[in-house]
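Chains as they are written, first to last, in the working numbering: chain A, 731 to 1209; chain B, 731 to 1209.
Number of protein chains: 2
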Amino acid sequence: MSEPKLPTRAEDFNEWYNQLVLRAELADYAPVRGCMIVRPYGWALWENIQAALDRRFKATGHLNAAFPLLIPKSFLEREAAHVEGFSPELAVVTIGGNKELEEPLVVRPTSETVIGHAYAKWIQSYRDLPVLINQWCSVVRWELRTKLFLRTLEFFWQEGHTAHATFEEAEAETRQMLDVYTDFAVTEAALPVIPGLKSESERFAGADRTYSIEAMMGDGKALQAGTSHNLGQNFAKAFDIQFLDRDGERKFCWTTSWGLSTRIIGAIIMVHGDDQGLVLPPRLAPFQVVIVPIYKNDAERAQVMEAVVGLQRGLTASGVRVKLDTRDGLTPGFKFNDWEMRGVPLRIEIGPKDIAKRTVVLARRDRPGKEGKTCVDWDSLGAAVAATLDDIQAALLTRATAFRDANIHDVATYDDFKAAVETGFARVWWAGDAALEQQIKEETKATLRCIPLAQPGETGTCLMTGRPTPTQAIFARAY
Amino acid sequence: MSEPKLPTRAEDFNEWYNQLVLRAELADYAPVRGCMIVRPYGWALWENIQAALDRRFKATGHLNAAFPLLIPKSFLEREAAHVEGFSPELAVVTIGGNKELEEPLVVRPTSETVIGHAYAKWIQSYRDLPVLINQWCSVVRWELRTKLFLRTLEFFWQEGHTAHATFEEAEAETRQMLDVYTDFAVTEAALPVIPGLKSESERFAGADRTYSIEAMMGDGKALQAGTSHNLGQNFAKAFDIQFLDRDGERKFCWTTSWGLSTRIIGAIIMVHGDDQGLVLPPRLAPFQVVIVPIYKNDAERAQVMEAVVGLQRGLTASGVRVKLDTRDGLTPGFKFNDWEMRGVPLRIEIGPKDIAKRTVVLARRDRPGKEGKTCVDWDSLGAAVAATLDDIQAALLTRATAFRDANIHDVATYDDFKAAVETGFARVWWAGDAALEQQIKEETKATLRCIPLAQPGETGTCLMTGRPTPTQAIFARAY
Chain A
731 MSEPKLPTRA EDFNEWYNQL VLRAELADYA PVRGCMIVRP YGWALWENIQ
781 AALDRRFKAT GHLNAAFPLL IPKSFLEREA AHVEGFSPEL AVVTIGGNKE
831 LEEPLVVRPT SETVIGHAYA KWIQSYRDLP VLINQWCSVV RWELRTKLFL
881 RTLEFFWQEG HTAHATFEEA EAETRQMLDV YTDFAVTEAA LPVIPGLKSE
931 SERFAGADRT YSIEAMMGDG KALQAGTSHN LGQNFAKAFD IQFLDRDGER
981 KFCWTTSWGL STRIIGAIIM VHGDDQGLVL PPRLAPFQVV IVPIYKNDAE
1031 RAQVMEAVVG LQRGLTASGV RVKLDTRDGL TPGFKFNDWE MRGVPLRIEI
1081 GPKDIAKRTV VLARRDRPGK EGKTCVDWDS LGAAVAATLD DIQAALLTRA
1131 TAFRDANIHD VATYDDFKAA VETGFARVWW AGDAALEQQI KEETKATLRC
1181 IPLAQPGETG TCLMTGRPTP TQAIFARAY
Chain B
731 MSEPKLPTRA EDFNEWYNQL VLRAELADYA PVRGCMIVRP YGWALWENIQ
781 AALDRRFKAT GHLNAAFPLL IPKSFLEREA AHVEGFSPEL AVVTIGGNKE
831 LEEPLVVRPT SETVIGHAYA KWIQSYRDLP VLINQWCSVV RWELRTKLFL
881 RTLEFFWQEG HTAHATFEEA EAETRQMLDV YTDFAVTEAA LPVIPGLKSE
931 SERFAGADRT YSIEAMMGDG KALQAGTSHN LGQNFAKAFD IQFLDRDGER
981 KFCWTTSWGL STRIIGAIIM VHGDDQGLVL PPRLAPFQVV IVPIYKNDAE
1031 RAQVMEAVVG LQRGLTASGV RVKLDTRDGL TPGFKFNDWE MRGVPLRIEI
1081 GPKDIAKRTV VLARRDRPGK EGKTCVDWDS LGAAVAATLD DIQAALLTRA
1131 TAFRDANIHD VATYDDFKAA VETGFARVWW AGDAALEQQI KEETKATLRC
1181 IPLAQPGETG TCLMTGRPTP TQAIFARAY
């Protein structure tokens, strides 16, 4: 029953991550290289993420739909930058119904093209605008180096696709959805992300502007956790998405797209996890509370279970997601470790002595040992659980923010820059170009993660060119 | 603005269906032959179907997960009946990342094989059983003749896959899920389906037993609306899904699978729809109520809109899904027809005269003209809407049941059988075999839809063999 311990994060962050994903039964490897099975515990986490995002999408006027998986290969070739970006990564269907196809079909790597084709048909007039559609689906990109949740051949995501009458509306939509992602990440996932603009060399293939939210992992590396693209008129021109405007003229639409994927689960693991395992934010955790009944014999078991079932019912009725661990033949200690490894935010321990006093012990996942334990009366359990879950949610964000801020280094020299990206983010004054970014990447493995939306409002000296500039940028090594 | 009228169902049922799906903006054709775009109105209907089913799956202990889209082609060949059934329908990926693949991959047509492979890894002991997992996804089958929702190359569905220690448990699960589908169809979709057992020749490829729910469409043809399969040990043996039992012996598991797809939307259209368009059951309708404000000038508009926004807020707060039609430049009559075509169960009409009296007019979609209209006070609107929606839901089921029962013909001669399947279902005493089914299919285009679970408990004379038999079967032409 006892497995070898996880490596600590300090020993081997990468191996800690890989083993944890498997042991917590979040995901597993599929028979096809680089593909992933999302197991029920991982999928329940994703369902909570989906619900929190979907609520925000609908509140901002978006509707869900479903576009086809299979796209004519020629569609991708209509937008020059798009095909250049995606053609090395395509999975291609060449046989259907035992026959060679006349035109090969690609399994969608993203859906701008096939959705652009539909919008060209649906949009006739300014009255049809804006079109605000999202879809939840999986996409396939032929990645060579894969890692569960972070980079897999098939991954799960949502992709929003909108069409507008003006550049300004499209830009406002792009920024609105970046705000939605930021709010989701901070409020629900307790991830203190940095929203910003991508440099030209890191843009989505076919976009005029790409914004992203960037998160700092527990090893100081960056992870892009969501992107929002202003596609200008690039896809509208490639797919002839035109509308008759109020002034009687036919014009090309302005389109956007934005996506957030199961990568975010990797971010949650690597930001909040510790050497004991996962630490899940209460708002997204599949189980917010696990109840572990403690007993030595059948008589005690019967007494404890009766109390426990009542407590569970009360918590469930007040909207808490509760797991009751009724497994026989396992010690309480084993169960404590097991649920700690799986990251359940709050544990309720209850044995015969607690029954006598009508109390339980609450144990917080984010504070190990005695410090995180409190004794609570049954009568005030509902209120205590609600308050503690809120407190854990806030504490995770505070801790992650402190870690992030302690590991963002403002650097003025290239030597300091090189040291900074060994352990965290480098924030620099920046007036460089794609060639300088390439040089930095080759020399330090760090890339320009984003130009944060929040800028200091001063000027400084560009790290590489020495030119005065009002712009700061963040560089880091990235997943 | 005015489109040509829909053909009536009597004129051309097939064309009525095809045009209605497009005009109501439920779905559209995709650029790849036989593929489908599910538009926002259709997807909102599917989301309500998903929620109603998912609630039932979770209440019966099932968990959701996600298995990969791409399956090694060799996997399908491991189960003899399975490969025979599915190999003509496969879409095959032969190129990935610009390289020819060593082993071709199929886009899943169904997931027994890839899930069987995972279960073999996850299941060790009787303690791991049962495994009860469902996934929501799309699958691809290379169909030659396609029709939106009913038969498309890609379609959306859920597929449940479970593993058990004994045949009895697997059979109980198979039947339980058939019951879940029946309850869903009757309670939520107002479809009076007939649950029953499939004959050997209509079984799922690889199953020992297939059960289905069969619905009668408005033209008297049958539609299989959901299936539940007892797979015996066929896939367990093909994928080596074994467990160590309590008695210390290693045994093969017993597995099941069950699925319900976007076909059900086709059934809802063809059972409830009329010559004016869709009629959606209130429990599943994206909008249960549409409010059409009536005004002739800006002053009236301002007055009416103020009242309407308050009424909408009240209904929304009590959990009703309400659409407020604020489109300018369209007459109320146009809007009435438009929402009738889209099948919204209940319409609220409100103009200046209604405001003066603090009343509205409720108009039921299922009862055309004056008969379906009532005048309701604002104060009792919430209660009246709730009661009317319940009544519409019940009325749809009653009407569909009466239609079905009037078109099931108990026949004792082959001539009567032939006449019966021209307009409805033929119910016959049956002791025939696959060869006789084939003969009947060739001569009448009718197939054995199911052996209903509800049997009369008597014996009769088999239609074709003349032998005495305790079994009745239903034959019909089918979608």
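Glycine included, C-beta positions come from ideal geometry on N, C-alpha and C.
| Asked | Found |
| --- | --- |
| One or two residues paired with A:R1077 in a DSSP bridge | A:V1020 and A:A1093 |
| Cβ-Cβ distance between A:R1095 and A:P1075 below 8 Å | yes |
| Neighbour-count burial assignment, B:L874, 16 or more Cβ in a 10 Å radius | exposed |
| Residues near B:L953 in its chain [Cβ-Cβ closer than 6 Å; skip 5 each side] | A945, M947, A997 and Y1209 |
| 8 Å Cβ cutoff met for B:A1176 and B:F1205 | yes |
| B:M731 to B:T1061 span [Cα, whole Å] | Low per-residue confidence applies at B:M731: pLDDT is 45, beneath 50, and the placement is therefore not dependable enough to give any value. |
| Cβ pair A:P1012, A:N778 closer than 8 Å | no |
| Closest Cα partner of A:V1106 within the set A:L1126, A:I1085 and A:A1125 | A:I1085 |
| Nearest-angstrom Cα separation, counted from A:D949 out to A:F743 | 7 Å |
| Distance between B:S942 and B:T957 (C-alpha atoms, nearest Å) | 4 Å |
| Rounded Cβ spacing between B:P818 and A:G826 (contact assumed at less than 8 Å) | Actually they are not in contact, since the Cβ atoms of B:P818 and A:G826 sit about 10 Å apart, beyond 8 Å. |
| Cross-strand partners of B:P729 (DSSP beta bridge) | Outside the displayed range of chain B (731 to 1209) lies residue 729 of chain B, so it cannot be described from this structure. |
| Backbone secondary structure at A:W984 - three-state DSSP | strand |
| 8 Å Cβ cutoff met for A:A774 and A:I767 | no |
| Test: A:G1190 CB closer than 8 Å to a CB of chain B | no |
| Rounded C-alpha distance that separates A:Q1033 from A:V1115 | 23 Å |
| Any chain A beta carbon closer than 8 Å to B:E819 | yes |
| Three-pair Cβ contact test at 8 Å for the stretch 751 to 765 of chain A versus the stretch 791 to 803 of chain B | yes |
| CA-to-CA distance, A:K928 to B:R753, given in whole angstroms | 41 Å |
| Three-state class that DSSP yields for B:A893 in the structure shown | strand |
| Reduced DSSP category for A:T1056 - H, G, I as helix; E, B as strand; rest coil | coil |
| 7 Å CB neighbourhood of B:G1112 in its chain, flanking five on each side removed | G1044, L1045 and S1048 |
| B:D831 versus B:E745: straight-line alpha-carbon distance, rounded | Contrary to the premise, residue 831 of chain B reads as Leu rather than Asp in this sequence. Approximately 43 Å, taken between the alpha carbons. |
| Close beta carbons around B:T1199, own chain, < 8 Å, minus the five adjacent residues each side | W1159, W1160, A1161, T1189, G1190, T1191 and C1192 |
| Partner residues on chain A for B:D975, Cβ-Cβ distance less than 8 Å | Within chain A, no residue comes near B:D975; the closest Cβ sits about 16 Å away, beyond 8 Å. |
| Test: B:F816 CB closer than 8 Å to a CB of chain A | no |
| Length of the line joining the Cα atoms of A:F965 and A:E979 | 19 Å |
| Within-8 Å CB hit, A:T940 to chain B | no |
| Contacts of B:I767 in chain A (Cβ-Cβ under 8 Å) | A795, A796, F797, P798 and A848 |
| Chain A contact residues for B:E777, given Cβ-Cβ distances below 9 Å | N794 |
| CB contact below 8 Å: B:E889 versus chain A | no |
| Cβ-based neighbour list, A:V1022, same chain, cut-off 8 Å, excluding 5 preceding and 5 following | D1055, P1062, K1065, F1066, W1069, R1077, I1078, E1079 and I1080 |
| The stretch 906 to 913 of chain A in contact with the stretch 1163 to 1173 of chain A per 3-pair CB rule at 8 Å | no |
| Environment of B:R976 [buried if 16+ CB atoms lie within 10 Å] | exposed |
| The stretch 913 to 921 of chain A in contact with the stretch 881 to 897 of chain A per 3-pair CB rule at 8 Å | no |
| Residue-chain proximity (A:T957, chain B), Cβ-Cβ < 8 Å | no |
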